[in-house]
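Presented below is the structure to which this report refers.
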Amino acid sequence: MAAHREFIEAAFRMRDDAVRSGDQAYGAVVVKDGTIVGFGPSRVVLKKDWSAHAEREAIREAQARLGSRDLTGAVLYSSSRPCAECESAAAEANIARMIHGRDGTDAGPPKRS
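Residues in the sequence shown are numbered consecutively from 209, following the numbering used here.
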């Protein structure tokens with residue numbers, strides 16, 4: 209749990225950023241090799257895009273930053289349990305694990321819906 213604390217807190221900072229911006233209270237980060245490579249506050253309201261969930265935003269940013277759709281070995285940290293669509297997006301990106309909530313619940317590898 210202690211190893212995850214920094215990244216869990218980063219996901220909650222993204223949630224706070226989303227709320228300050230007038231969006232939904234969700235946040236996520238993607239971590240690869242111990243470094244945050246994707247940040248994702250929810251942008252559903254601001255973008256008027258139902259798919260702009262925090263987890264997808266973090267995955268999109270990580271893919272753009274790394275120049276690859278493949279995020280093999282990365283971990284998705286989220287302020288709450290990802291919805292089925294976001295879990296499926298994480299699986300498509302080859303995310304290795306999903307960790308969510310303040311207590312750092314390990315949801316294991318994502319599954320395709």
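For each residue, glycine too, the CB sits at the ideal point set by N, CA and C. From a predicted model like this one, the values you see are computed outputs, not experimental measurements.
- The straight-line gap separating the alpha-carbon atoms of Ser229 and Arg320 is approximately 31 Å.
- For Val245, the number of other beta carbons within 10 angstroms of its own is at least 16, and it is reported as buried.
- By the C-beta density criterion, Gly316 is exposed, having fewer than 16 other C-beta atoms within 10 angstroms.
- Distance between Ile267 and Ala219, taken at the CA atoms: about 13 Å.
- Looking at Pro290, Gly281, Ala299, the one whose alpha-carbon comes closest to that of Ile307 is Pro290.
- Contact annotation, Gly248 with Ala236: C-beta distance approximately 4 Å; criterion of less than 8 Å satisfied.
- For the set Arg264, Arg310, Glu269, the Cα lying nearest the Cα of Ala299 is the one of Arg264.
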